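A.B. asks: My structure is below; once you've seen it, I'll send some questions.
In my numbering, the protein residues as written are 11 to 108.
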């Protein structure tokens, strides 16, 4: 029935094409945003790769005493340092270069 109105048919086709182009751009932006979010997400593997101190000796019967030793705090510092380094590296990769 649209053959009776050739200009209307062309207008509908043009409007449909413009809408599809707009949705394609929106979809592309959303996909890129999701990929960026996923790439900066911390996984368990990040923490597995952290350098783990070899715990020397120690009495397993006193876990609360071992919890507050210098080695424990060094391990926390090492984890925080690795996290800050990972965030810095992510920012270096994601911020556009001038």
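We put the beta carbon where it would ideally sit given N, CA and C, even for glycine.
As the structure is a computational prediction, the values presented were derived from the model and not from experiment.
Using a Cβ-Cβ cut-off of 8 angstroms (strictly less than) and excluding sequence neighbours within five positions of residue 57, which residues of its own chain qualify?
C.D. replies: If we look at residue 57 and ignore the five residues flanking it on each side, its Cβ neighbours are 89.
A.B. asks: Which residue marks the beginning of the alpha helix (DSSP H) containing residue 52, and which one marks its end?
C.D. replies: Residue 52 -> no alpha helix (DSSP H), and no H or E assigned at all.
A.B. asks: Is residue 55 closer than 8 angstroms to residue 104 when the C-beta atoms are compared?
C.D. replies: No, these two residues do not count as a Cβ contact at 8 angstroms.
A.B. asks: Return the CA-CA distance between residue 13 and residue 44, expressed in angstroms with no decimal places.
C.D. replies: Distance between the alpha carbons of residue 13 and residue 44 is about 43 angstroms.
A.B. asks: Tell me which residue opens and which closes the alpha helix (DSSP H) that residue 12 is part of.
C.D. replies: Segment: none, residue 12 is in no alpha helix (DSSP H) and carries neither H nor E.
A.B. asks: Would you give the residue range spanned by the alpha helix (DSSP H) that residue 86 belongs to?
C.D. replies: Segment 80 to 104, the alpha helix (DSSP H) holding residue 86.
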